[in-house]
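Below is one structure, written out as structure tokens; comments come after it.
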Amino acid sequence: MSLATLSSDTLLIDGLITIDSDLNRAATEGVLHPLAETAERFRDISQDPEFFQVLRDRLYRMGYLARRGGPNHVDDSLTRAIEQLQREAHLTVDGWIGSNSWSALQELFAFEPSTAVERWIDRQGMSIAMRRAVYLRLVSLGVVVGSPRASASSLKDQHLQIWRDLLLAINAPGIDSGTDPISIQVIAFLFDIDALTSLVADLAARKSDGEQHSETLHRFLNCLLQIELWLLGYDKLKPDGKPLKLTRQRRKRAGARGKSAGYQYSQFYSVLRQFWRDRGLTLEHAESERLILQTLSHLAQLQDDEVSPSNGSDINNLITQIDEDAAAVEIQWQSQSLMGRLWDGVKRVWRFLKCFVGAVIDRIKLLARAARQLAADSFSVIRRTQKIFSEAASFLWKPAVAGSTQKAALHHDKDFDFKVFLDQDVAPQESQKLFQRLNHQLLCFRAAIRLLRGIFLAAMDAVAIAAGPWGWWRLIRSLLRWHNLYDEDDRRLIEAAYNVEG
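This is the structure we're talking about:
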């Protein structure tokens, strides 16, 4: 059942249908891109080349695709790659990059999404997908020098021993010389960039002048800083595990013997200087490792004063700033990379927005990036809630529970008194499936009741897209505000209601 087929006698249903129509238009015109949650949604965004290129790149790096490039649509190689990911990650194998598969890929590959490490490790050890991800993470952090592309056999025991020893060097809590290198405690630090940055800040406070760290530790510090700056949006850096030089050389002024014309900086050094300028501070020259530790310590301080989209005042501040520069933000909104940078580094963007004092164009780039992520996140949740509401609504006025057959049926009357009809020849699994469907519909009903108020408010706020320098801003603004109306419990509830198979 779709929203359009529901009775439109009430203002609530009218509002839901209106925002459903507006969101469809936004997706069609490329203003907003939701996550690919289902096979249907995956087809809806199949014209977005960036999504497919990002997806193919990540599957290639994980070793599931033989080559990085490919067509901007689903082909046999992509389907096989997704099936292999699902198989190795112990997911339902269907070949679709739906919500569960995309979330798994994000957890395993991306730096910021929280990763439940225990999900990928059981009594038999790490899943193959996790082994690939751990290897890539070790390479990205400069701990292992190797191919930036994983295979099922890339990870070696000695790689994790090196990592355990490095954690000892930076005084990671809970780690000692007797800690098993393949333990969850050791592996979890690979997927917690915030914790690593904080530990390095403590290391900087202890470092004495002239003290030299091991080559592995120095390479790790260099690569960790590259990752942090890349997550903030300094795209000249790539988190590929290759240390970059922090050097400067004096320029000589033409025709003036011995006179300096300033310094020429390496690319990494130039990015570092830009970061400090954006903070309104000056970076004093020092030896390479001191510069790295100083910057990582500063980033660790930003973690302590974290700004997040869960704070309503922060979102209102974001909206106010975009209102002031609507035309410029619209240009950035249309020009910036959608999928590649949308889902990586968003948490750090929010931290940085509060204290960014750099060029206006760079600030606006951050504004557009933060707003895009929040709007797309709300877009996806609203999509799911609308589907759940449709299913819950059918549960209210259809007397037969979905999934009822001639041999096994559940019916309810207007007072919701349930009656069960089971044929004497019905198979146990058929009756069990029917009760599973009932539980699923009850879960959908609970989710719809909990989230419907927020959807309704968003619908009423978004109707009649306004004309002006940015006609879509009214819808986007309502999606940003709606983000404050649901919390992690709501997310878990809607995830469960959406993904239970009926």
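Per the working numbering, the sequence shown starts with residue 51, numbered consecutively.
Each residue gets a CB set at the ideal place from its N, CA and C atoms; glycine is no exception.
- For leucine 529, the uninterrupted alpha helix (DSSP H) segment begins and ends at 523 to 532.
- The stretch 173 to 241 contains, as complete alpha helix (DSSP H) runs of 4+ residues, the segments 178 to 190, 207 to 219, 234 to 238 (chain order).
- In the DSSP assignment, tyrosine 319 falls within the alpha helix (DSSP H) that extends over 317 to 328.
- Counting every other CB atom within 10 Å of its CB across the protein chains shown gives tyrosine 114 a total of 16 or more, marking it as buried.
- For glutamate 138, the closest of Pro163, Ile178, Ile147 by C-alpha to C-alpha distance is Ile178.
- In the three-state scheme derived from DSSP, where H, G and I count as helix and E and B as strand, tyrosine 536 is classed as coil.
- Boundaries cannot be given for glutamate 79, as no alpha helix (DSSP H) includes it and DSSP labels it neither H nor E.
- One alpha carbon belongs to proline 223, the other to asparagine 74, and they sit about 49 Å apart.
- For isoleucine 171, the pairing in a beta bridge is given by DSSP as Met176.
- In the DSSP assignment, glutamate 265 falls within the unbroken alpha helix (DSSP H) covering 265 to 281.
- Comparing alpha-carbon positions, the option among Ser151, Leu296, Tyr284, Ala255 lying closest to asparagine 272 turns out to be Leu296.
- Residue state for tyrosine 110 is assigned as helix, using DSSP reduced to three classes.
- Look at arginine 118 here: in three-state DSSP terms it is coil, with no helix or strand label.
- A Cβ-Cβ separation of about 5 Å places valine 81 in contact with tryptophan 522 under the 8 Å criterion.
- For alanine 336, there is no enclosing alpha helix (DSSP H), since its DSSP letter is neither H nor E.
- For leucine 246, the enclosing alpha helix (DSSP H) starts and ends at 243 to 256.
- If you look at isoleucine 132, you'll find it in the alpha helix (DSSP H) that goes 126 to 138.
- Taking C-beta atoms as the reference points, tryptophan 213 and valine 189 fail to come closer than 8 Å.
- Contact check for leucine 322 and threonine 345: beta-carbon distance about 6 Å, within the 8 Å limit, so the pair qualifies.
- C-alpha of valine 184 to C-alpha of arginine 340: approximately 28 Å in a straight line.
- Annotated as proximal: arginine 301 and glutamine 314, with beta-carbon spacing under 8 Å.
- In the DSSP assignment, the residues bridged to glutamine 299 are Gln314.
- Between asparagine 150 and histidine 335, the alpha-carbon positions lie close to 47 Å from each other.
- Taking all protein chains shown into account, threonine 78 has fewer than 16 neighbouring C-beta atoms within 10 Å of its C-beta and is therefore exposed.
- 8 Å or more divides the Cβ of arginine 108 from the Cβ of leucine 128.
- Counting of Cβ neighbours within 10 angstroms places isoleucine 234 among the exposed residues, the total staying below 16.
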